[in-house]
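Report on the structure given below.
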Amino acid sequence: MAVTPSIHGMWSTRLAFILAATGSAVGLGNVWKFPYITGENGGGAFVLIYLLCVLFIGIPIMMAEILIGRRGRQSPINTMRTLAQAENRHGFWQLVGWGGMIAGFLIISYYSVIAGWALAYVFRAADGHFTALTGPEAEALFGDLVGDPERLLAWHTIFMVMTAIVVSRGVRSGLEQAVRFLMPALFLLLLALVGYALNTGQFMQGLEFLFVPHFEKLTAGAVITAMGHAFFTLSLGMGAIMMYGSYLDRHTSITRSAVLIALLDTLVALLAGMAIFPIVFANGLEPGAGPGLVFLTLPIAFGNMAGGLFFGTLFFILLVFAAWTSAISLIEPAVAWLVENQGMQRVRATVIVAILAWFLGILTILSFNQWAFSFPFAGEVKSNGIFDLIDILTANFMLPLGGLAMAVFAGWMMARRSTLEELQLPDGWIYRSWRFAVRYISPLGVLLVFLHGMGVL
Ligand code: PHE
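Residue numbering for the sequence shown follows this note's numbering, starting at -4 and increasing by one per position.
Here is the structure:
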């Protein structure tokens, strides 16, 4: 079925899908979120759980999500409805699409604010603010930015407009080029930063923090957060990857694509961690400093290295691009749905989604200044107000539940023949392992983590 192309267009080359999906996966999640939540959750053991979740839950679900998208060829809501019908299943499966659309919308609202921080830091880097920066100065610089809601609003607005411009023109134009050249550049720059950390930071202490597990530090909340992050960083569970799969031709291997995307994404995150933690320890900063961690550490590195002005500016530009290619995929499902169901022009649909998300973003802006408050989550106290609430709700609950539903749909609701045909694999060990994973391992994994988090296990 679904040999007809998507009405929104198709990827022009096979590589385009891999590039776009990697662009979606690699973003603030890798460079900003992974280090700070690793720092907050005690390091090694947290990282290990995250890696296990990527391998056993993330990759099989990514394959499920791509195959569902390619078979349905529409926005996630309509794709799920069409496939449920084709497989004689209940219409409520389209709720997966709805939940995903709402999750994407909630995520973009804060994602754009944080990307705004990266934009602001491009200019701070370029005008020499980082030169010979010390730990306390880095804290003051960051504190200045997040304490000023007007400035945050300006950067948030700029980033949201950038995102809307690309989405309104259709995601394919420009995306390929951006990812093809900018991703490798970001990768190289991260390598250089690891090199810097190797020479000047407390490198071994950083590595130890990242990779030596201390299970006694692992709280129930940390386990949920690690699993949630596996979904977040791979862009899974909300339909972004399903949407991109819907533009995919019939000849590209879903298995190879999923493995490659997950590998690249994980590599970028680990490199970011290896660059950041040595600097944290060398400069007396706190690993658990929270969402500001990258903005506190990397400026110190750039400010104290040769050519730091250039590399610092370039780094934050690349980070903005990485965030941009992710942000696009966060609103694409909602825009595609408005075009399909409301018959809207693409431009109008984009403007509506962007404006709504922009408004919601104000709540995140205020979380870092006027409206900072604390609330308990799984025994820990969270203290970035509504931002943390939205983040926990989406990454820790909505994405894993969405992913769980996709695994169950692909593993139990779709006929074996349908998935076999769509994955275009021989009926051998690869296909069988995948099917076993989406039927048993991924769903049970998600459930176990939830039960553990609720204190039942
Ligand atoms: N994966 C992106 C990141 O790591 C964020 C994202 C989540 C994008 C969900 C799309 C969907 O930054």
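Built from N, CA and C at the ideal position, the CB exists for glycine as well.
On a predicted model such as this, the values are computed, not experimentally measured, just so you know.
DSSP has residue i in a bridge; who is on the other side?
i	result
Val376	Pro371
Going by other Cβ atoms of all chains shown within 10 Å of its Cβ, with 16 needed for buried, is residue i buried or exposed?
i	result
Leu183	exposed
Met449	exposed
Thr8	exposed
His246	exposed
Met(-4)	In this prediction, Met(-4) has a pLDDT of 48, which is less than 50 and means its spatial position is unreliable; what the coordinates show is noted afterwards. Looking at its Cβ environment, which holds fewer than 16 other Cβ atoms inside 10 Å, Met(-4) is exposed.
Ala11	buried
Asp260	buried
Ala301	exposed
Ile350	exposed
Glu401	It is Met, not Glu, that sits at residue 401 in the sequence shown. Per the 10 Å Cβ criterion, buried.
Val451	exposed
Ala318	buried
Val156	exposed
Arg411	exposed
Arg427	exposed
Asn336	exposed
His151	buried
Glu145	exposed
Ile425	exposed
His85	exposed
Lys28	buried
Gly240	buried
Assuming residue i and residue j make a contact with CB atoms under 8 Å, what is their CB distance in whole Å?
i	j	result
Ala15	Val174	7 Å
Ile63	Ala405	6 Å
Val117	Leu147	At roughly 15 Å, the Cβ-Cβ gap does not stay under 8 Å, so Val117 and Leu147 are not in contact.
Gly223	Pro395	6 Å
Trp112	Phe290	6 Å
Tyr106	Leu325	6 Å
Gly94	Met393	6 Å
Gly234	Gly38	So it is not a contact: roughly 32 Å between Cβ atoms.
Ile103	Thr389	Their Cβ separation, rounded to whole angstroms, is 10 Å, which puts Ile103 and Thr389 out of contact at 8 Å.
Phe272	Gly338	That pair is no contact at about 51 Å.
Ile312	Gly196	The Cβ separation is near 23 Å, so there is no contact.
Ile256	Ala59	Ile256 to Ala59, Cβ: 14 Å. No contact.
Ala120	Gly307	4 Å
Ala284	Gly24	Not quite, the Cβ-Cβ distance comes to about 18 Å (not below 8 Å), so this is no contact.
Leu188	Ala296	6 Å
Leu140	Ala115	6 Å
Ala329	Met96	5 Å
Thr414	Arg434	Their Cβ separation, rounded to whole angstroms, is 10 Å, which puts Thr414 and Arg434 out of contact at 8 Å.
Tyr242	Gly398	Not confirmed; about 20 Å, so no contact.
Taking CB distances under 8 Å as the criterion, tell me whether residue i reaches chain D.
i	result
Pro421	Of the chains in the structure shown, none is chain D; there is only one protein chain.
Enumerate, from N- to C-terminal direction, the unbroken alpha helix (DSSP H) stretches of 4 or more residues contained entirely within the segment 15 to 90. List check, alpha helix (DSSP H) in window: 29 to 35, 39 to 48, 54 to 67 and 71 to 81.
Does the segment 69 to 88 come within contact of the segment 431 to 450, defined as at least 3 CB pairs closer than 8 Å? No, the segment 69 to 88 is not in contact with the segment 431 to 450.
At what residue ranges does the segment 167 to 201 contain a whole run of the alpha helix (DSSP H), taking only runs of 4 or more? Inside the segment 167 to 201, DSSP marks whole alpha helix (DSSP H) runs of 4 or more residues at positions 170 to 195, from first to last along the chain.
Evaluate contact between the segment 203 to 218 and the segment 77 to 85, counting only Cβ atoms and requiring at least three cross-stretch pairs below 8 Å. With the cut-off at 8 Å, the segment 203 to 218 and the segment 77 to 85 do not touch.
Quick test of the definition: if touching needs 3 or more C-beta pairs under 8 Å, does the segment 195 to 208 touch the segment 257 to 274? Flag = yes, the segment 195 to 208 and the segment 257 to 274 touch.
Any 3 or more C-beta pairs closer than 8 Å across the segment 275 to 284 and the segment 153 to 173: With the cut-off at 8 Å, the segment 275 to 284 and the segment 153 to 173 do not touch.
Is there contact here, the segment 412 to 421 with the segment 376 to 391, by at least three beta-carbon pairs under 8 Å? No, they do not touch.
Quick check: the segment 226 to 234 against the segment 51 to 59, are at least 3 beta-carbon pairs closer than 8 Å? Yes, the segment 51 to 59 touches the segment 226 to 234.
Start-end ranges of the alpha helix (DSSP H) lying completely within the segment 375 to 425, minimum 4 residues: 380 to 386, 394 to 403 and 411 to 418, all fully within the segment 375 to 425.
Alpha helix (DSSP H) runs contained entirely in the segment 216 to 300, provided each spans 4 or more residues: The segment 216 to 300 is shown to contain whole alpha helix (DSSP H) runs of 4 or more residues at 235 to 240, 249 to 277 and 288 to 298, in chain order.
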